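Participant: 1 is the number of the first residue of the sequence shown in our numbering; add one for each residue after it.
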Amino acid sequence: MTEHVDRSEPEPAAVPAGSAVTPADAADAARLVAFGLQPKLQPARDQEYTELLRRYREDPAFARLADAVAAGLGLVVLEVSPRAGMAVTAAEDSVFAVRMGDYARRTSADSGDRFLHGLAHLAVAALAFPRPEDLADDGYIGRVTVNGVDAFVRQACRRLEERAEEQGENTDPATDAPGLEAAWRIWARRSATGATKDARRPAASTTGIVAKAVGFLTDSGFLQRTGDDHGGTYRTTARYQLQVRDLAGGAAMTELLELGVVPITDGTAALLPAEDTDDLDLVADAGLPFHS
Numbered sequence: 001m002t003e004h005v006d007r008s009e010p011e012p013a014a015v016p017a018g019s020a021v022t023p024a025d026a027a028d029a030a031r032l033v034a035f036g037l038q039p040k041l042q043p044a045r046d047q048e049y050t051e052l053l054r055r056y057r058e059d060p061a062f063a064r065l066a067d068a069v070a071a072g073l074g075l076v077v078l079e080v081s082p083r084a085g086m087a088v089t090a091a092e093d094s095v096f097a098v099r100m101g102d103y104a105r106r107t108s109a110d111s112g113d114r115f116l117h118g119l120a121h122l123a124v125a126a127l128a129f130p131r132p133e134d135l136a137d138d139g140y141i142g143r144v145t146v147n148g149v150d151a152f153v154r155q156a157c158r159r160l161e162e163r164a165e166e167q168g169e170n171t172d173p174a175t176d177a178p179g180l181e182a183a184w185r186i187w188a189r190r191s192a193t194g195a196t197k198d199a200r201r202p203a204a205s206t207t208g209i210v211a212k213a214v215g216f217l218t219d220s221g222f223l224q225r226t227g228d229d230h231g232g233t234y235r236t237t238a239r240y241q242l243q244v245r246d247l248a249g250g251a252a253m254t255e256l257l258e259l260g261v262v263p264i265t266d267g268t269a270a271l272l273p274a275e276d277t278d279d280l281d282l283v284a285d286a287g288l289p290f291h292s
């Protein structure tokens, strides 16, 4: 007698003999995800991390298990490779997600400055990877400076102001205006450096806001500080490239790049010279970013 088999539901994939998941396998998968949550840790400097990455690439069952552990924690796996390690990003509802309100509180920013901190992060990403091919090239390294990012935003503010004047807009952004239209007025009115009695850079100045942004990105393993010139110089990491790839299609970033402040030529990106910089409130020796 032939037994009837109901095939209305897909059958689970057959598990080869001897490949059942063990508690040790689950522990190793969780360990790999834990490594991925340490963004400054370089795989080449940790033998266990390197071995778990190799296992992930060579053992599909282990890879699926590690992916499942990450998903259960609300994490999205962007890439698993020797260059980036286990690069993960937090889903919106993940306990690991960092929201702008939380970030602003970490930086002691008031609610009115949160938008400026968001714009600083957007500008760093746009200036670090100004072309789609920069994001696609795993060997590309973007470099930015604090003063250069501020100069970039101020030139973008000038372009937005000119566009608003051409369209006959008033000084108050419309409710349906793009986010950048609402931001340029605030940034342009804020001092680039401000002044303190001991010559420190005020946190509420625009260069202070950019410094907080790149400091956070450095602590998160997305940038590496390479020097102190021009307010601080930084280079991008593989993890940051993956993160920017994930947000590159966003409307605000697209709008910022379309302003044409960064010339798209042969990859040696820099800022276009402004027609009149007298009232741009640029810091001295702005140190415009460069790329390689």
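Backbone N, C-alpha and C fix where the C-beta goes; we use that ideal spot for every residue, glycine too.
Predicted model only: the values in this text are computed from it and were never measured.
1. Can you give the Cα-Cα distance for Asp198 and Gly208, rounded to whole angstroms?
2. If you check the beta carbons only, do Val69 and Leu78 fall under 8 angstroms apart?
3. How should Val95 be labelled, buried or exposed, when 16 other C-beta atoms within 10 angstroms of its C-beta is the threshold for buried?
4. Could you tell me the distance, in whole angstroms, from the CA atom of Asp138 to the CA atom of Pro23?
5. Using a Cβ-Cβ cut-off of 6 angstroms (strictly less than) and excluding sequence neighbours within five positions of Ala120, which residues of its own chain qualify?
6. Please state the DSSP three-state secondary structure of Glu48.
7. In the structure shown, what three-state DSSP assignment does Gly231 receive?
8. For the region 73–158, list the alpha helix (DSSP H) runs that are entirely contained and at least 4 residues long, ordered along the chain.
9. For Asp228, is the classification buried or exposed, using 16 other Cβ atoms within 10 angstroms of its Cβ as the cut-off for buried?
10. Name the residue from Ala34, Asp59, Thr226 whose alpha carbon lies nearest to the alpha carbon of Tyr49.
11. At what residues does the alpha helix (DSSP H) containing Leu306 begin and finish?
12. Could you compute how far the alpha carbon of Gln155 sits from the alpha carbon of Phe216?
13. If I follow the unbroken alpha helix (DSSP H) through Leu41, where does it start and stop?
14. Among Phe115, Ala61, Leu32, which one has its Cα closest to the Cα of Ala84?
15. For Arg190, does the count of other Cβ atoms within 10 angstroms reach 16, so buried, or fall short, so exposed?
16. Residues in the same chain with beta-carbon distance under 6 angstroms from Ala204, minus the five sequence neighbours each way, listed in chain order, please.
17. Mind checking Gly72: buried by the 16 CB within 10 Å criterion, or exposed?
18. By DSSP, does Thr237 sit in helix, in strand, or in coil?
19. According to DSSP, simplified to helix, strand and coil, what is Thr226?
20. Look at Ile186 and Phe115 and say whether their C-beta atoms are less than 8 angstroms apart.
21. Can you tell me which of the three DSSP states Asp59 falls into?
22. Would Ala20 be called buried (16 or more neighbouring beta carbons within 10 Å of its own) or exposed?
23. Report the option in Ser220, Leu247, Asp246, Gly232 whose CA atom is closest to the CA atom of Leu41.
24. Once DSSP output is grouped into helix, strand and coil, what is the label at Gly208?
25. Using 10 angstroms around the beta-carbon of Ala44, count the other beta-carbons present and answer buried if the total reaches 16, otherwise exposed.
Facilitator: From the atom records:
1. Reading the sequence shown from its first residue, position 198 is the one you call residue 198. Reading the sequence shown from its first residue, position 208 is the one you call residue 208. Bear in mind that a pLDDT of 44 at Asp198, under 50, signals an unreliable position, so the number given afterwards is only what the model happens to contain. Roughly 15 angstroms separates the two Cα atoms.
2. Here residue 69 refers to the residue found at position 69 of the sequence shown. Here residue 78 refers to the residue found at position 78 of the sequence shown. Taking a C-beta distance under 8 angstroms as the contact criterion, Val69 and Leu78 do not qualify as a contact pair.
3. The residue given as residue 95 occupies position 95 in the sequence shown. Around the Cβ of Val95, a 10 Å sphere holds fewer than 16 other Cβ atoms; the residue is exposed.
4. Walking along the sequence shown from the start, residue 138 turns up at place 138. Walking along the sequence shown from the start, residue 23 turns up at place 23. So the alpha carbons of these two residues sit roughly 35 angstroms apart.
5. For the purposes of this step, residue 120 is taken as the residue at position 120 of the sequence shown. Around Ala120: Ile209, Val210, Ala213.
6. Along the sequence shown, read from residue 1 onward, the residue named residue 48 stands at position 48. Judged by DSSP in its simplified three-state form, Glu48 adopts helix.
7. Residue 231 sits at position 231 when you count from the first residue of the sequence shown. DSSP places Gly231 within a helical segment (H, G or I) once states are collapsed to three.
8. Within the region 73–158, the complete alpha helix (DSSP H) segments of 4 residues or longer fall at 100–106, 114–128, 132–136, listed in chain order.
9. Counting from one through the sequence shown, the residue named residue 228 turns up at place 228. Of the residues assessed, Asp228 falls on the exposed side of the cut-off, its CB having fewer than 16 other CB atoms within 10 angstroms.
10. As a first step, residue 49 is located in the sequence shown; it is residue number 49 there, counting from the start. When each option's Cα is compared against that of Tyr49, the closest is Ala34.
11. This structure does not reach residue 306, given that the chain is present from 1 up to 292, and the question cannot be answered.
12. For the purposes of this step, residue 155 is taken as the residue at position 155 of the sequence shown. For the purposes of this step, residue 216 is taken as the residue at position 216 of the sequence shown. In a straight line, the C-alpha of Gln155 is about 24 angstroms away from that of Phe216.
13. One-based indexing of the sequence shown puts residue 41 at position 41. Where Leu41 is concerned, there is no enclosing alpha helix (DSSP H), given that its DSSP letter is neither H nor E.
14. Numbered from 1 along the sequence shown, position 84 holds the residue referred to as residue 84. Nearest option by C-alpha distance: Leu32.
15. The residue labelled residue 190 in the question sits at position 190 within the sequence shown. By the neighbour-count rule (16 or more Cβ atoms within 10 Å), Arg190 is buried.
16. On the sequence shown, position 204 is the one that residue 204 refers to. Around Ala204: no qualifying Cβ.
17. Taking the sequence shown and counting its residues from 1, the one referred to as residue 72 is at position 72. Classification for Gly72: exposed.
18. As a first step, residue 237 is located in the sequence shown; it is residue number 237 there, counting from the start. In the structure shown, Thr237 adopts coil according to DSSP, grouped into three states.
19. In the sequence shown, the residue the question calls residue 226 occupies position 226. In the structure shown, Thr226 sits in a strand (DSSP, three-state: E or B).
20. On the sequence shown, residue 186 is found 186 positions in, with the first residue counted as 1. On the sequence shown, residue 115 is found 115 positions in, with the first residue counted as 1. Result yes, Cβ atoms of Ile186 and Phe115 sit closer than 8 angstroms.
21. Residue mapping note: residue 59 aligns to position 59 of the sequence shown, counting from 1. Coil, per DSSP.
22. As a position in the sequence shown, residue 20 is number 20, starting the count at 1. Answer is exposed; the Cβ neighbour count stays below 16.
23. Taking the first residue of the sequence shown as 1, we reach residue 41 at position 41. Taking only the C-alpha atoms, the option nearest Leu41 is Ser220.
24. Translated into the one-based positions of the sequence shown, residue 208 becomes position 208. Per DSSP, reduced to three states, the secondary structure at Gly208 is helical.
25. As a working mapping, residue 44 is identified with position 44 in the sequence shown. Under the 10 Å beta carbon count, Ala44 is surrounded by fewer than 16 other beta carbons and is classified as exposed.
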